[in-house]
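With the numbering used here applied, the sequence shown corresponds to residues 142 to 434, in that order.
Idealized CB from N, CA, C, for every residue including glycine.
Working notes, structure below.
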Amino acid sequence: MLWNIAGRNCPECGSRYAVGDYDFKPNAVAFCCPHCDQDYYGTDARGHLQPSEFECVNCLNTVNMNQMVLRPAAGYEQESATTVVEHPWEVRGENKSTFRAWYRTVKASMLRPQELVELPPVQDRKAGHWRFLTCNSLLISFIGFGSVFLIPFMVVGVLGNAPIEVIGSMAGAMGGIVLFGLFVTWLLMLIFGGVTHFFLRLFAQPTGTLTDTYRSVCYAQGVMAMMIVPVCGIYLFSWIGSIWFLVSSILMLMKTHKTSGFATTMAVLILPATFMLLTFLSWCLAMANQIQV
């Protein structure tokens, strides 16, 4: 990026360029009017002006973002102003391992959910949120559930010189648990995302699509990674993770669809609240039947 230059031809090579071709940190670049030098700051996810064309408040000339003179905002160096935070999962393999990308995405889903979902998806990895969901679910099933149900028996079987058929059966059962957990996670997420998007459209006017809703809830599911803690994770953190998942989903969807907190909360909580109500009513009926008997 060429700073403090009004023209749009590179003085070194003569090639033309456009401001819109570059991404910036929000509020990190001053877009200055070419007529009066009045400065404006980009606030969208790419650090661009919204709208990109408007009437200058100082000189009243119509200005376009691509005509403006750019300078780093106060407190930013030239390099840091144009450094865009990359989505940790969707750029995996380029400069980080898959495990590191998964860990950073889980951490962001817990602590910075709105910042995570605000990062634009990589064009050739638009289904990255489903791959993240798959990876997270496999780890939870294999380590979280497997450490409780089968891994101890497999270790005892190996140390106790159990027949290879028995160990093989245990390993097969382990694989079944992992695949079943993946299937259940996908099914629940498809239902939850679809129902949530339906009620979002009913209660508000979401700016995004169904795909954007699925992207938000899939990355919000990263908080469930706390269940990976061997043996005790599924007992100690399942309820905490479930509540945290709903909170992260609300925050992500508010940012994605630009909807109010009330409407988004209602849309997110309808399905789990209905499930809990039906469960409670079923328990009451069962208790009533036992009392009658």
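Pair within 8 Å by beta-carbon distance, residue i and residue j
i	j	result
Leu426	Tyr360	no
Pro167	Gly155	no
Lys399	Thr326	no
Asp330	Leu274	This sequence places Met at residue 330; Asp is not what is there. A contact, by the Cβ cut-off of 8 Å.
Close Cβ partners of residue i (< 6 Å) along its chain, the five nearest in sequence each way excluded
i	result
Asn150	Arg157
Ile391	Thr405, Thr406 and Val409
Asn205	Glu194
Met393	Pro254, Val258, Ser357 and Ala361
Asp442	With the chain represented from 142 up to 434, any question about residue 442 goes unanswered, as that position is not in the structure.
Trp385	Val364
For residue i, three-class secondary structure by DSSP
i	result
Asp164	coil
Arg233	coil
Tyr360	helix
Arg187	coil
Ala171	strand
Pro371	coil
Tyr158	coil
Leu257	helix
Asp265	Confidence is the limiting factor: at Asp265 the pLDDT is only 49, short of 50, which leaves the residue's position unreliable, though a coordinate-based value still follows. Three-state result, Asp265: helix.
Asp180	strand
Arg149	coil
Thr203	strand
Glu227	coil
Residue i versus the options, residue with shortest Cα-Cα distance
i	options	result
Met395	Ala345, Phe172, His189 and Asp185	Ala345
Thr337	Phe165, Leu387 and Thr420	Leu387
Gly313	Gly287, Phe421, Leu280 and Met368	Gly287
Ile281	Val319, His228 and Glu306	Val319
Pro261	Asp164, Leu331 and Asp178	Asp164
Leu201	Cys174, Arg212, His189 and Leu190	Cys174
Glu196	Asp185, Phe421, Met209 and Arg187	Met209
Trp144	Val198, Asn207 and Asn199	Asn207
Beta-carbon separation (whole angstroms), residue i vs residue j, contact threshold 8 Å
i	j	result
His270	Arg342	Actually they do not touch by this definition, with Cβ atoms about 20 Å apart.
Phe321	Leu412	Not really, about 22 Å apart at Cβ, beyond 8 Å.
Ser383	Leu323	Wrong, their Cβ atoms sit about 18 Å apart, outside the cutoff.
Cβ shell of residue i (< 7 Å), same chain only, five flanking positions each side left out
i	result
Ile375	Gly285, Phe286, Val289 and Met368
Pro229	Ala242, Arg245, Thr246 and Ala249
Asp265	Unreliable placement is indicated for Asp265, whose pLDDT of 49 sits below 50; no coordinate value is reported for it.
Sequence-distant residues of its chain with Cβ nearer than 8 Å to residue i (five each side left out)
i	result
Ala171	Asp180, Tyr181, Tyr182, Leu211, Arg212, Pro213 and Ala214
Contact with chain D by residue i, beta-carbon distance below 8 Å
i	result
Asn205	No chain D appears in this structure, which consists of one protein chain only.
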